[in-house]
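J.:
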Amino acid sequence: MSGVRLDAELAAVLREAGLDTVEGAFAWQGGTDLDKPGLGTRRRTRLVLAGGDGAEHELYLKRYGVEPPGQRVRRLLTYGRRSPARIEYDNVRAAGAAGVATMGAVACGDEMGLLAARRSFVIVTAVPGDALERCGEVYLAADAARGAELAEKLADLVGALHAAGAVHRDLYAAHVFLHEGPEGAELYLIDLARMFTPPRWRRFRWRVKDLAQLKYSMPRDWVADHWEAFCQRYFARAGVDNAGRYAAAIDRKVGEMRRRDGRRSRRNTEAGV
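Residue numbers (the numbering used here): 254 to 526.
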């Protein structure tokens with residue numbers, strides 16, 4: 254079923270900009286496109302819209318074109334008959350309801366075919382700060398006490414998601430934003446397009462994958478000093494009672510990731526890339 258959903262607070266702003274229909278979203282030519290490898294039929298755009306009261310709203314528009322057949326089948330098996338944009342919209346709202354600090358989902362629209370979407374769009378709010386991947390080392394180096402604080406708040410963020418039964422599936426430091434607020438570090442989880450809720454018997458595998466991605470991508474000095482404290486708090490927050498099994502599986506997965514990236518690096522070196 255095709256349709257458009259608009260957040261009540263920003264509905265007037267979106268209508269004024271012509272972003273209240275699928276046609277309008279795909280015709281939009283403003284903002285700044287955010288290109289990166291692997292986007293496929295997706296297009297991401299940063300935009301700033303002014304409200305009637307003069308307030309500016311920083312938003313991100315993601316547009317999905319027709320996906321390749323194999324990708325459509327995989328999506329259908331995992332998420333059912335929902336468009337990519339609707340999945341991301343639902344994921345953002347579900348994460349927020351679970352107590353995970355994240356973006357706000359303000360609009361979603363799709364044109365559905367028989368078994369899959371022809372095209373769809375989602376609009377989310379920006380989160381403050383910068384990705385831990387970019388700012389983590391500088392932030393931690395400024396104050397020795399920040400490492401322990403980050404471990405606690407990161408454990409609470411990831412633990413809230415996993416306690417709700419969901420997993421991120423791309424939980425690298427690039428997708429955790431850090432903002433220095435008046436009461437210390439504020440963390441936000443972004444890029445929820447692949448988030449899903451695995452069946453209970455598969456949660457261990459997917460949680461381990463999330464945690465290994467996080468451990469692999471965080472600053473190594475922080476991992477050496479604070480990963481154990483992070484895990485202890487995470488296990489309590491997520492309701493995990495087999496901590497030893499998790500710790501061993503995470504380390505195995507991190508080892509696999511390092512070996513894989515090492516092979517890729519050697520191939521690139523040999524190819525002169």
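Built from N, CA and C at the ideal position, the CB exists for glycine as well.
Whole beta strand (DSSP E) runs in the region 373-446 with 3 or more residues, listed along the chain?
T.: 429-434 and 437-442
J.: Considering only C-alpha positions, which residue in the set Gly284, Gly318 and Arg297 is nearest to Asp303?
T.: The residue you asked about is not Asp; residue 303 is Ala in the sequence shown. Closest by alpha carbon: Gly284.
J.: Please determine, among Ala384, Arg295 and Glu386, the residue with the shortest C-alpha to C-alpha distance to Arg371.
T.: Arg295
J.: When the Cα of Arg258 is compared with those of Val461, Pro321 and Gly362, which residue comes out closest?
T.: Considering only Val461, Pro321 and Gly362, the residue with the shortest C-alpha distance to Arg258 is Gly362.
J.: For Leu300, which of Gly271, Glu405 and Arg325 has the nearest alpha-carbon?
T.: Gly271
J.: Tell me which residues share the same chain as Val391 and place their Cβ nearer than 6 Å to its Cβ, disregarding the 5 neighbours each side in the sequence.
T.: If we look at Val391 and ignore the five residues flanking it on each side, it has no Cβ neighbours.
J.: Does the region 403-415 come within contact of the region 335-353, defined as at least 3 CB pairs closer than 8 Å?
T.: yes
J.: Would you decide whether Ala501 is buried or exposed? Buried here means 16 or more other CB atoms lie within 10 Å of its CB.
T.: exposed
J.: Is the region 448-466 touching the region 504-517, taking contact as three or more C-beta pairs under 8 Å?
T.: yes
J.: Looking only at its own chain, which residues have a Cβ that is under 7 Å from the Cβ of Lys468, when we skip the five neighbours before and after it?
T.: Val476, Trp480, Ile503 and Val507
J.: Is DSSP giving Leu312 helix, strand or coil here?
T.: strand
J.: Taking the alpha carbon of Glu364 as the reference point, which residue from Ala338, Ala308, Glu509 and Leu442 has its own alpha carbon closest?
T.: Ala338
J.: Pull the bridge partners of Glu364 from the DSSP assignment, please.
T.: Looking at the DSSP output, Glu364 bridges to Arg372.
J.: Which residue's Cα is closest to the Cα of Arg399: Pro472, Arg447, Arg335 and Gly366?
T.: Pro472
J.: Taking only the alpha-carbon atoms, compute the straight-line gap between Gln324 and Glu269 and give it to the nearest angstrom.
T.: 34 Å
J.: Which term fits Gly305, buried or exposed, when burial requires 16 or more other beta carbons within 10 angstroms of its beta carbon?
T.: exposed
J.: Name the DSSP beta bridge partners of Tyr300, please?
T.: It is Leu, not Tyr, that sits at residue 300 in the sequence shown. Under DSSP, the beta-bridge partners assigned to Leu300 are Leu312.
J.: Applying the criterion that 16 or more other CB atoms from any shown protein chain within 10 Å of the CB defines a buried residue, is Ser518 buried or exposed?
T.: exposed
J.: Is DSSP giving Thr331 helix, strand or coil here?
T.: helix
J.: Could you tell me the distance, in whole angstroms, from the CA atom of Asp474 to the CA atom of Ala408?
T.: 17 Å
J.: By the 10 Å Cβ neighbour count, where 16 or more other Cβ atoms means buried, how is Phe483 classified, buried or exposed?
T.: Under a 10 Å Cβ-count criterion, Phe483 is classified as buried, with 16 or more other Cβ atoms of the shown protein chains found around its own Cβ.
J.: Rounded to a whole number of angstroms, what is the C-alpha to C-alpha distance between Ala280 and Ile376?
T.: 14 Å
J.: Taking the alpha-carbon positions, what's the Arg334 to Arg327 distance?
T.: 11 Å
J.: Which same chain residues end up closer than 6 Å to Asn344 when comparing Cβ atoms and leaving out the 5 residues on each side of it in sequence?
T.: Leu445 and Met448
J.: Short of 6 Å in beta carbon distance, which residues of its chain neighbour Ala347, apart from the five on each side in sequence? Order them along the chain.
T.: none
J.: Buried or exposed for Arg316, going by 16 or more other Cβ atoms inside 10 Å?
T.: buried
J.: Out of Ala417, His432 and Tyr441, point me to the one whose CA is closest to Phe424's CA.
T.: Position check: residue 424 holds Leu in this sequence, whereas Phe was assumed. With distances taken between Cα atoms, Leu424 lies closest to Tyr441.
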